[in-house]
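Participant: In the UniProt record's numbering, the protein residues as written are 1 to 73. Just so it is clear, CB atoms sit at the ideal spot from N, CA and C, and this is done for glycine as well.
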Amino acid sequence: MEFSPMSHSPAATPLIPANAENRYEVTRADLPLSCPMPGMALWNSHPKVYLPIVDDGGESTCPYCGAHYVLRD
1 MEFSPMSHSP AATPLIPANA ENRYEVTRAD LPLSCPMPGM ALWNSHPKVY
51 LPIVDDGGES TCPYCGAHYV LRD
């Protein structure tokens, strides 16, 4: 059983490391888009920032970590 440092209880699903990849494909179900995204371990990441992916042609880049997000319809 895995321990989640954010909830102080065993995690039902493992968290992925924040900023582990440079490119992420997201869907409209992921909106509003934030970096780091829900499901990422937050303890070693930057402050949460919301990204305007819909208004920017379906692509957005995080100003903190440089992660590039692409909206997939």
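Can you list, in chain order, the residues of its chain whose CB lies under 6 Å from that of H68, leaving out five sequence neighbours each side?
Facilitator: As a working note, residue 68 is residue 68 in the sequence shown. Excluding positions up to five away in sequence, the list reads R23, T61.
Participant: Indicate the three-state DSSP secondary structure (helix, strand or coil) for P10 in the structure shown.
Facilitator: For the purposes of this step, residue 10 is taken as residue 10 along the sequence shown, with counting starting at 1. For P10, the predicted structure reports a pLDDT of 49, less than 50, and the residue's modelled location is therefore unreliable. A value from the coordinates is still provided. Reduced to three states, the DSSP call for P10 is strand.
Participant: Look up E59 in the DSSP assignment and say whether it is helix, strand or coil.
Facilitator: Numbered from its first residue, the sequence shown carries residue 59 at position 59. Three-state DSSP puts E59 in a strand.
Participant: Excluding the 5 residues flanking T27 on each side, which residues of the same chain have their C-beta closer than 6 Å to its C-beta?
Facilitator: In the sequence shown, the residue the question calls residue 27 occupies position 27. Correct list, in chain order: R72.
Participant: Could you pull the DSSP bridge partners for H68 from this structure?
Facilitator: The residue given as residue 68 occupies position 68 in the sequence shown. BP columns for H68 point to R23, T61.
Participant: Put F3 into one of helix, strand or coil per three-state DSSP.
Facilitator: By one-based count along the sequence shown, residue 3 stands at place 3. Here F3 scores only 37 on pLDDT, less than 50, and its place in the model is too uncertain to base an answer on.
Participant: On the CB-based measure, 16 or more other CB atoms within 10 Å of its CB, does I53 come out buried or exposed?
Facilitator: The residue labelled residue 53 in the question sits at position 53 within the sequence shown. Result: buried.
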